[in-house]
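Enquirer: My questions will all concern the structure given below.
And the structure:
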């Protein structure tokens, strides 16, 4: 069903241009409209789409994504529903990555989650509250289902952990650019280039920058430094206000080239 | 000092429970904290300093009190109360806050943050911040700010900033989430003083180590009064810090029964309760794997308890382990029974307990009646009840 979809690693590797990854929340503002938004985003020129699974206590998220998750939960969204959303969008030919906190996966059963995600055509999974030290056996089930397991590095990550995180990651390495939670910020932090340089020394995988990225000038700053940029809260906010996330993506893509 | 060194955690885990389920940004800070705690714990100078503050600032040792009129009321058993209500600021929370403030200084961090439910931990954090010259921000849910307004005023007078948390259930769970988000953002300059034996490793271990003074003292006091150990030790469990604090010294005393009392709210069957060990199943919240009140999809459920300090859907991972190995028995007591025990203890002993330990007092009464005149019961009276006057009056004369 997704035979012509590129692997995550292929899709996110920068080839002159910076690649763009969009994030949306499954079930926000409701299931049907999140599928529509996802399909439109898939056709907007992005390299991959992250689909969030809502959780009641999202520790790594700022107000915009917290709110979207709350709305999705109020409409009954859960892991099974999010997998349906992902399956409907994955047919568009853009790799889909699920972003979920660990507890809904544990409640669903990690083995079943991995199998069903693969069945839905998902390419990889990111679990922001699952550091490499805690990642087994969940990561094992994901690998067994041929799903990429994307781990995060942060500005506070020490050199020895960096090596271990890069070794455990597949698909790409997610580099959190700011010391903080998700949400749009005016400026990207200083020291970002050094962080990417450090990560590069440990991995051949593409590196995606995330958290706080929302403006065309951020794209310009990341081009030639990261392989891809993840835009989350800005996209979710656009969907929340009933706006057009595709227009936002088109605008950001101008900064990627 | 430690009579029996605890055998857990092993690699941050108590059996299957515990761990470190946090965003990557916090991982190095948790490692630093673990290293510095183990270093401080082994440092005689640190222990000396801690002992000095415990004595002159906290007011330790706290007395062991024979509650003879309560004992008579319940059929003649011997009931003793470990008087943590007599700690400075009115609860056991200061034992932990003093230790963590010293650690913050040792790490060179000038700002601390805390979450609070009943406000007792927030007051303790604000108090040590005033004492040691730290900047302090306390996160507290709107609902708890309403029912514990006196503690909000105390924290502000002590110089802390109190941030109202309006998300989710507006109680302790959401205050904790918000404190963690602050920590993720300010981790380089800020130490997070978690108030209970919850959260990612090393918090459950560190807070236990700082609270075990309760049981270490109580065990010695009990032996010196009676020459024997109690038959049973009872403590209330929200996150579980006063309970772990008193239980730890007795874990190797196999003949001493240990009972943790959770909040049954309007009744465990109604779904409106906060009894994670009695009515939950394991999951991950706030960085550790432990019993948790959650729905079938792994979403954390709203909780209810008349006592803000017990109104929390999770519980410390060591309690989950102690439950599974059946070393501690966990039960749940309703709002109504806790209120009655609050009033009874106030009238019979002239001691107004906080609503949290009132849950333990009720269960102690139940056990006293079962055990009869020979029964020997030790209760951790974790805090005083002045803060709960409004909540008690709201309930009328039921």
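Residue numbers (this note's numbering), protein chains in the order written: chain U, 1 to 257; chain X, 1 to 398. No residue lacks a Cβ here, since even glycine has one placed at the ideal position from N, Cα and C.
In the DSSP assignment, the beta strand (DSSP E) including residue 330 (chain X) goes from what residue to what residue?
Expert: It spans 328-334 - the beta strand (DSSP E) in which residue 330 (chain X) sits, taken as one unbroken run.
Enquirer: State yes or no: is the beta carbon of residue 106 (chain U) nearer than 7 Å to at least one beta carbon in chain X?
Expert: True, the Cβ-Cβ gap to chain X drops below 7 Å.
Enquirer: Give the secondary structure of residue 246 (chain X) by DSSP, where H, G and I count as helix, E and B as strand, and everything else as coil.
Expert: If DSSP states are grouped into helix, strand and coil, residue 246 (chain X) belongs with the helices.
Enquirer: So, using beta-carbon positions, are residue 110 (chain U) and residue 79 (chain U) closer together than 7 Å?
Expert: For residue 110 (chain U) and residue 79 (chain U), no; Cβs fall outside 7 Å.
Enquirer: Give the DSSP-derived three-state secondary structure of residue 150 (chain X) in the structure shown.
Expert: Note: residue 150 (chain X) maps to helix in three-state DSSP.
Enquirer: For residue 168 (chain U) versus residue 122 (chain U), is the C-beta spacing smaller than 7 Å?
Expert: Taking 7 Å as the Cβ cut-off, residue 168 (chain U) and residue 122 (chain U) do not qualify as a contacting pair.
Enquirer: Based on Cα-Cα distance, which residue from X:386, X:370, X:303, X:330 lies nearest to residue 342 (chain X)?
Expert: That would be X:386, whose Cα lies nearest to the Cα of residue 342 (chain X).
Enquirer: Give a yes or no on whether the C-beta atoms belonging to residue 54 (chain U) and residue 73 (chain U) are separated by under 7 Å.
Expert: Contact flag set, yes.
Enquirer: Thinking C-alpha only, which one of X:204, X:255, X:256, X:302 is nearest residue 321 (chain X)?
Expert: Minimum Cα distance to residue 321 (chain X) is reached at X:204.
Enquirer: What are the boundary residues of the alpha helix (DSSP H) that residue 165 (chain U) is part of?
Expert: Per DSSP, residue 165 (chain U) belongs to the alpha helix (DSSP H) from 159-168.
Enquirer: Mapping the DSSP letters down to three states, classify residue 262 (chain X) as helix, strand or coil.
Expert: Note: residue 262 (chain X) maps to strand in three-state DSSP.
Enquirer: Along chain X, which residues have their Cβ under 7 Å away from the Cβ of residue 216 (chain U)?
Expert: Those do not exist, as residue 216 (chain U) stays about 25 Å from chain X at its closest Cβ, beyond 7 Å.
Enquirer: In chain U, which residues lie with their C-beta within 7 Å of the C-beta of residue 23 (chain X)?
Expert: The contacting residues are 59, 60, 128, 129.
Enquirer: In angstroms with no decimal places, state the Cα-to-Cα distance between residue 302 (chain X) and residue 169 (chain X).
Expert: One C-alpha to the other measures close to 6 Å.
Enquirer: Excluding sequence positions up to five away, which residues of its chain have a Cβ less than 6 Å from the Cβ of residue 201 (chain X)?
Expert: So the qualifying residues of the chain are 12, 18, 20.
Enquirer: Quick check: is the beta carbon of residue 1 (chain U) nearer than 7 Å to any beta carbon in chain X?
Expert: With a pLDDT of only 43 at residue 1 (chain U), under the threshold of 50, the placement of this residue in the model should not be trusted, and no figure is reported.
Enquirer: Beta carbons nearer than 7 Å to chain X: which residues of the stretch 154-175 of chain U have them?
Expert: Correct list: 154, 156, 157, 158, 161.
Enquirer: When you compare each of X:324, X:305, X:381 to residue 349 (chain X) by their alpha carbons, which one comes out closest?
Expert: Ranking the options by Cα distance to residue 349 (chain X), first place goes to X:381.
Enquirer: Considering only residues of the same chain and omitting the five flanking positions on each side of residue 253 (chain X), which have a CB-CB separation below 6 Å?
Expert: Same-chain partners within the cutoff: 229.
Enquirer: Out of X:234, X:39, X:244, which one is the CA nearest neighbour of residue 361 (chain X)?
Expert: Cα-wise, what sits closest to residue 361 (chain X) is X:234.
Enquirer: Tell me which residues share the same chain as residue 1 (chain U) and place their Cβ nearer than 7 Å to its Cβ, disregarding the 5 neighbours each side in the sequence.
Expert: Its pLDDT being 43, under 50, residue 1 (chain U) is placed unreliably by the model, and the measurement read from it follows with that caveat. So the qualifying residues of the chain are 91, 121.
Enquirer: Please give the ranges of any beta strand (DSSP E) in the stretch 60-109 of chain U, keeping only runs that are unbroken, at least 3 residues long and fully inside the region.
Expert: Listed in chain order, the complete beta strand (DSSP E) runs (minimum 3 residues) inside the stretch 60-109 of chain U are 96-99.
Enquirer: Per DSSP, residue 294 (chain X) is paired with what?
Expert: BP columns for residue 294 (chain X) point to X:300.
Enquirer: Terminal residues of the continuous beta strand (DSSP E) containing residue 191 (chain X)?
Expert: Start and end: 190-192.
Enquirer: If you drop the 5 nearest sequence neighbours on each side, which residues of the same chain put their C-beta closer than 6 Å to that of residue 118 (chain X)?
Expert: 148, 308, 309, listed in sequence order.
Enquirer: Who are the neighbours of residue 188 (chain X) on chain U, taking C-beta pairs under 8 Å?
Expert: Simply 156, 179.
Enquirer: Can you tell me where the beta strand (DSSP E) holding residue 65 (chain X) begins and where it ends?
Expert: Start and end: 64-66.
Enquirer: Which word fits residue 247 (chain U), buried or exposed, when buried means at least 16 other C-beta atoms lie within 10 angstroms of its C-beta?
Expert: With fewer than 16 other Cβ atoms within 10 Å, it is exposed.
Enquirer: Considering only the alpha carbon of each residue, which of X:333, X:237, X:370 lies closest to residue 318 (chain X)?
Expert: Closest by alpha carbon: X:237.
Enquirer: By the three-class DSSP mapping on this structure, what secondary structure does residue 145 (chain U) have?
Expert: Residue 145 (chain U) falls in the coil class under three-state DSSP.
Enquirer: For residue 43 (chain U), count neighbouring Cβ atoms within 10 angstroms of its own Cβ and tell me buried if that reaches 16, exposed if not.
Expert: Exposed.
Enquirer: With H, G and I counted as helix, E and B as strand and the rest as coil, what does DSSP make of residue 186 (chain U)?
Expert: The answer is coil: DSSP assigns residue 186 (chain U) none of H, G, I, E or B.
Enquirer: Is the Cβ-Cβ distance between residue 29 (chain U) and residue 71 (chain U) less than 7 Å?
Expert: Their beta carbons are under 7 Å apart, which means residue 29 (chain U) touches residue 71 (chain U) by this criterion.
Enquirer: Determine whether the Cβ of residue 136 (chain U) lies closer than 7 Å to any Cβ atom of chain X.
Expert: Cβ-Cβ to chain X under 7 Å: no for residue 136 (chain U).
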